Each structure stands twice: as structure tokens, then as C-alpha cells.
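There are 2 protein chains.
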Amino acid sequence: MNRMMSFGLSMRYLGYHAASWRHPDANPRGGMQFAHFAEVARKAEAAGFDMLFLADGIGIRTVDSPVGALAQTAQTADLEPLTLLSALSAVTTNIGLVATASTTYNEPFHVARKYASLDRISGGRAGWNIVTSWSEAEAWNFGRDTHLGYAERYERAYEFADVVEGLWHSWGTDAIVADKKTGIFLDTSRLRVLNHKGPHFRVRGPLDVPPSPQGHPVMVQAGASDAGIELAARKAEVVYALPHDLQMAESYSRRLRGALEQHGRDPRGIRILAGITPYIGATMAEAQEKYDAMNALILPELGLSYLYAQLGDLSAFPLDGPVPDPVDPRVRSIAQGLITMARSRNMTIRQLYNFIAAGFGSRVVIGTPESIVDEMQEWFETGFVDGFNLCPALLPMDIDSFSNHILPELRRRGLARTGYAGSTLRANLGLPMPGCCYPA
Amino acid sequence: MNRMMSFGLSMRYLGYHAASWRHPDANPRGGMQFAHFAEVARKAEAAGFDMLFLADGIGIRTVDSPVGALAQTAQTADLEPLTLLSALSAVTTNIGLVATASTTYNEPFHVARKYASLDRISGGRAGWNIVTSWSEAEAWNFGRDTHLGYAERYERAYEFADVVEGLWHSWGTDAIVADKKTGIFLDTSRLRVLNHKGPHFRVRGPLDVPPSPQGHPVMVQAGASDAGIELAARKAEVVYALPHDLQMAESYSRRLRGALEQHGRDPRGIRILAGITPYIGATMAEAQEKYDAMNALILPELGLSYLYAQLGDLSAFPLDGPVPDPVDPRVRSIAQGLITMARSRNMTIRQLYNFIAAGFGSRVVIGTPESIVDEMQEWFETGFVDGFNLCPALLPMDIDSFSNHILPELRRRGLARTGYAGSTLRANLGLPMPGCCYPA
């Protein structure tokens, strides 16, 4: 069988453009309404996406941005990912459901249990995007004055993921006997007490949720720093990457696949999905017009707030001047990538914030269906990426434009499958069952 | 308008009888399957129940019971309540969704956010059953050697509930402006930073979920100890009580309504729902037969495990002898109630475990539709209870027998309403909106 592209749909808010709520066609309150997401999910499933993907932050990160920005963003009002995906599981049948949960301010038993429950409820369609929390705004909601340092929060994340995986392995797939005649429901020899004792967690187990048709939820990871790559190499089956050009994609892919080999894992046994926010037009000029028209809806305070978390407060600098060096020396890998890109393209502050606010950090691609498909094909055929995580500028409309203009052409070229390969997320991504690890 | 009975449906596992999975009509794996609960929820909604209710424990409490009991129970395999109710919200439209979450091993920000999300997703039908965790088996899943002491875990619970309520009040109902023309989405003066600083929690807020059509989730409580009553008097709008006779119901009601007055609350401004597990027959003899037939499915190890948490290991005592004094002196109020009842009815150990295992601690009533309705009417008209939380022995079958034989007669007598009063849980329970507390 040919290698086929995998597709995620990132569906936060009204789309990934900062001012999508101001678009004439947008339902500005949709980001807080179940009906909005149900429509998005149904469209994505009809189009054959492998999975819905929900990023997350635990609290309002922008509450300390300039006040104007807080008033201007629709990305403060939200629904909690696991709750939302659980509800969406009941109105979909094939599409995967991947929710972000932080290892920094959670307990592994809760995470293991909730995701295993979603996995059973959905018939084996759940995935866990493993993240660490890095913002002060989140720390303040959990009794801390500052967020955990980089090394410490990743050490916690490694152990957290070990515990979750261990709990998911606490039931043999054949543990439930349910023999009405003898009265034996459970083969207790197939239930394993984990008894984890580590520096961050002591968790006894077993979990109270048996395995799903896909064994347990798919593990997803999205960080590109060294510790993020290490986490991915240890646990991830899917990674969500944010390369802004093919060179970044290559470098990321080499680092990740190298790290997999070091861990004794198959370097191809992971799906790399690159974030993409396309602005599609019948001509290049039309696509550019669409992009410019949406950016015209971004007020400057809002635009600057998109640089705030990565580059600090730039409101004292001229909007149409060059991007200055970061004020805060604790620059994260994502910030360094942005600066490099801005310099290489001679971007002004306004152009940079438009670029980011147009896709919330995902790669913005402006073009015709053909140019976009060509580029996707090129990326895919290098082997540096295995598919794409669509981060539509405007929801639900931009699913339609992707489904109508991009996917059919990819299918015509034999790069994307038609319909679903199976009913579980693993089956659709071509990932193996994790059955090996169950109690002997 | 006449005062009407309120109804909850407690829907854990395959029903509240310990051996329900062995019943010839049972789907023994249903307790881990969404389809089972979806059928239960649809039946309950068709019958007009005010709310679905899910009890919870975080882990397998019986893992240390005699091994036989662990093998014999279907109550180890479970789905996490909030995940399950979120999924059920998408297949129902009017029924309330009340999930238990412990204040002992959670963070208030997570609980506030997840329940507020379910409340929005369901259009204002969520409720939070506030509990504390008292078992060692749960403590071991969260890094502790023993569970928190009684006083400490209730002090934590009071503060936890304060924080959750405070976070729910962090959005004014009119905070979202969504004015596309000016670009103002949010009236920031209607968003409140909580800044809670207490002995157990420091939580800044605000929450990232705006209010639902019922303001925020209904607060529910189920403990009958002094500290439990205090928690109910501070926060609860609904209580779930487990009186085994009218005298216990009276005593509980007087304590609770007295405590409400002491807190300056309307003593009638709370709904007391009494747990009830009916065994219904066309004649008394038929009902008794039904009860006996189900109890014949309980193996002794399983039966004794139902006394284990409250009364300790009684396996050394003769099954058909009297109930001994508790081995463990840390007797909880629920245990004392059981012993009192067993003594007053001259029950043997086997009779007591049958009685408990037949309803998992809720009041077992064996009778004809008329005798059961008479008793429900008597209880309701004393004013000691405002309704009932049905804990069916066998799901989904026993919803049908209740809907077909009990509810029509209650309606005929003008004690139960027909259809739903509104689309939110508050509207159906006749509870006021909590709007008073929103930022001025």
C-alpha cells in the first residue's frame, strides 16, 4: 500500500485567525457553543480527517496583556477539551478525538482514567496530547507564584507519561470473563497493580477502566525543544510540529527520528503532522486579498498581544519597523524560530503579528489549490512530514474550502485515502496496537 | 402550583444490585459501554426524570477485599462520570446531568472549568455532586499513604467549593459584547479576577468559561455526617440522602433545614432526594420473589465485601448469625446507621449484606406499585423529602418498571409533573438562578 497523508483538524475557537469572530460570516459566540463544534466535527468527519485536535491552556493567558487585547479577543471564552470531545464522540463515528492535557497541573490517575473513558466511549478514537505548562497565568490558578522551570516540568512530564501508560496497561484485554454461571466476572490474574513510586508521583492503581478496541489512547506530543523531542521519542505515536519552511521541517524530522532510533524505536513508526493555515483563492491575487482582508480586522493591541508571550511587550516600538531582539532572555524554541523567520523575510512588527495572528503560530500558506497541493506533496514526499494538522483561519467555513479544493486533488494524486481505514484512531493512522505491554 | 416530587436516576454500572450482571436479561459488559448508558439516559428522559446522577470513586476500592469478591464484582470496571455525562449530553435534551467529583484529590480550577464546560455544552443541565474521599484505595492513587482525616478533608472541601463557586462567578452574564464593528468582544469590567488565597488553595482566575443558561451548575451534596450537613448548608441546592426509614428521614431533614436557617438560607430552598431501590411485583409475593431471586445470585465473598468498607472483614463470623460490633472504631455515620437498622430488624449478616448489596446502601423497598406509591406519597407529604433518587437494581430494565408502574400513579395523584418544566436543571428543579452573585 502506498504511504498516505494523515490529517488532523485543529478546531479551537472560531478558527486560528485572531479576528475570525469579526468575519462577516462568523457566528461570534460560536466558540462557546456546542452546536458550532458539532458542525465542525461532522464536516471534518465527512471530509475524512483522521482526527480532531484540541490545544489547551488552563486559564486566560492573555489576562495580563494590554487591556485592549483582552477586550478584543474571542480566545478567552472556551470549552474544556476533554468535556467537549466527549460530547462530540456521541455525534461522530470514525474521526479521532485528540485532547491536550497538561502534565504540570494534573494528576496522572485522573488523566489516565478520563482518557481511557473517552477511548471506551468513542469505541477507540481517543488521543492524549501530552504538554507541559509554561505560563504564569496558569501557575497562578494552581497555587504557584511562578511556573515550573523547564527541566523540572519535563522531568515531571516523563514520569507522568510513564504512570499514565502504566495505568493503561493495568488491564489485560481478556481480563473480563463475565461468566454468569460461575459468578466470575474478572480474571484477577489479568489485573495488574502498578505500584509506581517515583520522585514526582506515587500511584498504586490499577485503573478502573478496561482497554478499548484500540488498546489505549494514542499518545501525541507537540514540543520542539530538546526536552520536547525527548518526550516524543519516549512516548509519542503522533507529533504535531510547527515548521515554517521545509528546512525547519527537515531539521525537526532528523532530530526526532534520530531520537527515536536512540530509544530503539522505529524512526518511521511515528506520524509527523505539520500545522498549516491555508488562505485559498482561485488565483494568487484572490488568496492574498482574502488574507489581507482578514488581517485588516486585527486591531494593533490584539496583534501585539500575539507577540507578547514569546517576545514580550513590543508596544513601544514602531509597528512598521523591524522586529527587535527579545526583551525576556528566557526565549523558548518557538520564539527563536519566529525571530529567525522574521529576520529572513525582513518582516515588520505588524507583518510578523499578522503572520502569527493569522494562524496562531501555525504555518500560513497563501495560494491557489494547485500551489498549495504542490507544496504539500513536496513536503510529504521528502518524508520530513507524514501529514498535516489543518488549523483553519475561520470555522466552520474553511473546512469546506479545504475539503472541496485541496483534498480532492490530493486524492487524485494518490496521496490521501478516501474514506476511513477502520473505526479506531490507530487503524486510521496505521499505528500498531500496544498489546505487547499487557500483563502476561 | 402544587409542590411536585423531583426525581433523580442513579445509573452506575448495570444497576445497584451487586449481582445485576448475572441476571439472565443483563448485558454483563454494559457497564463499560456507552450504548448501555445512552439507552438508560434516553429512557430516563422519556420518563421525565429531572436528572441523571453518577456516584464515583477514584480507583478500585475493592482491590483489597477478599480476592473472591474482586473476581465476582462487575463494579470495578467503570467509565469516568464527567466524560460519560458529557457524551450523554449530546444524546439528550432536557434531563439534568449530575456528576460526582471529589474535593480531596482534585484542583478547584479543573473542577470549575470542566463542570462549567459541561453546563454550556448541555445548555444548562449540569450539576456537581461535591464529595470528599475517605478510602485508602483512593489515597494510594494520589501519592498518599492514608486518606485525609475527617476534619481536614471537610475543611478542604469547604474552601474548594468556595473557590469553584467564586470562579463560576467570575463572568458577568452580559460580559460578552461581540461587537464586530468596534472590534470589542468582551466588556472587561464584567470579568472578575478571583484572587483567592486560603489555607488549601491559591487561585487567581478568572475562569475561561462564560455562564450557561442556568448561570452555573447546580451544587449537590450527599453526606449525612455533621460536616457533610455543614457543607450542604453552605453550598448545596440539592442533597442526596440515604434514610432507611421515615424516622431517619425526619431526623436528617430537621438537621439539614436547621443548618440552612443558621446560614440565613431558606430551609425549603433545597431539594432533599432520598435514595430508593424498589423491587416491584404485581403482588407482595411476586416482589419478594424477585428480590430473593436476585439475591440468590450473590456469592458469599461478594456479599461480605459490601460490608467490608463500613464494618470491616466479617468472614470469620457465621453468615446466618447476628451482625457483630464493628471491628474498626472509626465508624462513619453511614456505618452507624446500618448497624442500628440491622439490630432493629434482627438481621443476620447474610440478610444485612443482601439488603445492602441489593441497593448499594440505598433504601430497598419491596412491594406492589400501590404500596410503593403510598409510601412515597407519605414520605413526600411529611415534607422530610422533596423527591427520590431512583437507584434501580437492574439497568436498563428497572427504569421501565418504575416508569410504567410508579410514575403514572404518582401523576394521577398530582404528585409528579408531566413533561419538563424547562430546558435547564434549575428550571426543572424549581431552583432560582444564582445571578445575584455576579460582578456588579
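Chains A and B, in that order, are what the protein sequence lines are. Under this note's numbering, the first residue of the first sequence is numbered 1, with each subsequent residue one higher. Under this note's numbering, the first residue of the second sequence is numbered 1001, with each subsequent residue one higher. Ideal placement from N, C-alpha and C gives every residue a C-beta, glycine not left out. What you are looking at is a predicted structure, and each value in this text was computed from that prediction instead of being measured.
What does residue i touch in chain A if you count any residue whose Cβ is under 7 Å from its own?
i                       : result
residue 1072 of chain B : 183, 184 and 185
residue 1032 of chain B : 120 and 210
residue 1290 of chain B : The contacting residues do not exist; residue 1290 of chain B stays about 18 Å from chain A at best.
residue 1278 of chain B : Those do not exist, as residue 1278 of chain B stays about 24 Å from chain A at its closest Cβ, beyond 7 Å.
With a 10 Å radius around its C-beta and 16 neighbouring C-beta atoms as the bar for buried, classify residue i as buried or exposed.
i                       : result
residue 237 of chain A  : buried
residue 1006 of chain B : buried
residue 1212 of chain B : buried
residue 244 of chain A  : buried
residue 1195 of chain B : exposed
residue 1320 of chain B : exposed
residue 1165 of chain B : buried
residue 262 of chain A  : exposed
residue 1337 of chain B : buried
residue 386 of chain A  : buried
residue 418 of chain A  : exposed
residue 480 of chain A  : The requested residue 480 of chain A does not occur in the structure, where chain A is confined to residues 1 to 440.
residue 120 of chain A  : buried
residue 1045 of chain B : buried
residue 100 of chain A  : buried
residue 295 of chain A  : buried
residue 50 of chain A   : buried
residue 208 of chain A  : buried
Name, please, each residue of chain B whose Cβ falls closer than 9 Å to the Cβ of residue i.
i                      : result
residue 293 of chain A : Result: empty, since nearest Cβ-Cβ is about 14 Å, beyond 9 Å.
residue 53 of chain A  : Chain B residues near residue 53 of chain A: none, gap ~17 Å exceeds 9 Å.
Leaving out five residues on either side along the sequence, give the residues of the same chain with a beta carbon under 7 Å from the beta carbon of residue i.
i                       : result
residue 34 of chain A   : 87
residue 175 of chain A  : 186, 187, 190, 191 and 210
residue 437 of chain A  : In this prediction, residue 437 of chain A has a pLDDT of 48, which is less than 50 and means its spatial position is unreliable; what the coordinates show is noted afterwards. Excluding sequence neighbours, residue 437 of chain A sits near 169.
residue 1252 of chain B : 1224, 1241 and 1243
residue 1038 of chain B : 1088 and 1091
residue 21 of chain A   : 14, 28 and 74
residue 58 of chain A   : 102, 105, 133, 138 and 141
residue 226 of chain A  : none
residue 439 of chain A  : Any answer about residue 439 of chain A is weak, because its pLDDT of 49 lies below 50 and its placement is not dependable; what the coordinates show is given next. Hits under 7 Å: 172, 190 and 192.
Would you mind telling me which residues of chain A sit closer than 9 Å to residue i, beta carbon to beta carbon, in chain order?
i                       : result
residue 1021 of chain B : 178, 180 and 185
residue 1206 of chain B : 59, 60, 63 and 76
Can you name the start and end residues of the alpha helix (DSSP H) that residue i belongs to?
i                       : result
residue 1158 of chain B : 1150-1168
residue 1139 of chain B : 1136-1139
residue 106 of chain A  : Segment: none, residue 106 of chain A is in no alpha helix (DSSP H) and carries neither H nor E.
residue 1379 of chain B : 1369-1382
residue 294 of chain A  : 284-295
residue 1252 of chain B : 1246-1262
Using the beta-carbon of each residue, which ones in chain B are nearer than 8 Å to residue i?
i                      : result
residue 324 of chain A : Ordered by position in chain B, no residue passes the 8 Å Cβ test against residue 324 of chain A, which lies about 26 Å from the chain.
residue 153 of chain A : Residues of chain B passing the Cβ test: none, with the nearest at roughly 16 Å.
residue 91 of chain A  : 1090
residue 160 of chain A : Near residue 160 of chain A there are no residues of chain B at all, since even the closest Cβ is about 12 Å away, more than 8 Å.
Grab the span of the beta strand (DSSP E) containing residue i for me, first residue to last.
i                       : result
residue 1308 of chain B : Segment 1300-1311 is the alpha helix (DSSP H) holding residue 1308 of chain B; no beta strand (DSSP E) there.
residue 389 of chain A  : 387-390
residue 7 of chain A    : 6-10
residue 179 of chain A  : 176-179
residue 1431 of chain B : That residue, residue 1431 of chain B, is in no beta strand (DSSP E); it is neither H nor E in DSSP.
Looking only at its own chain, which residues have a Cβ that is under 8 Å from the Cβ of residue i, when we skip the five neighbours before and after it?
i                       : result
residue 1421 of chain B : 1427, 1428 and 1430
residue 1199 of chain B : 1155 and 1159
residue 204 of chain A  : 193, 194, 195 and 196
residue 1042 of chain B : 1091 and 1092
residue 246 of chain A  : 378, 379, 382 and 384
residue 1400 of chain B : 1043
residue 48 of chain A   : 7, 407, 416, 417, 418, 419 and 420
residue 365 of chain A  : 276, 277, 278, 279, 372 and 375
Using a Cβ-based criterion (distance less than 7 Å to any ligand heavy atom), does residue i qualify as near the ligand PLP?
i                      : result
residue 315 of chain A : As for the ligand PLP, it is missing from this structure, which has no ligand bound.
Below 8 Å on C-beta distance, what does residue i contact in chain A?
i                       : result
residue 1079 of chain B : 117, 120, 121 and 209
residue 1203 of chain B : 140, 141, 142 and 143
Looking only at its chain, what residues have a beta carbon closer than 6 Å to the beta carbon of residue i, apart from the 5 residues adjacent to it on each side?
i                       : result
residue 1357 of chain B : 1018, 1298, 1303 and 1306
residue 343 of chain A  : none
residue 221 of chain A  : 130, 231, 232, 236 and 239
Given that residue i touches chain B, what residues does it touch there, using C-beta distances under 7 Å?
i                      : result
residue 6 of chain A   : Here the premise fails: no neighbours, minimum Cβ distance about 25 Å.
residue 114 of chain A : 1080 and 1083
Start-end ranges of the beta strand (DSSP E) lying completely within the segment 1030-1089 of chain B, minimum 3 residues: 1051-1054
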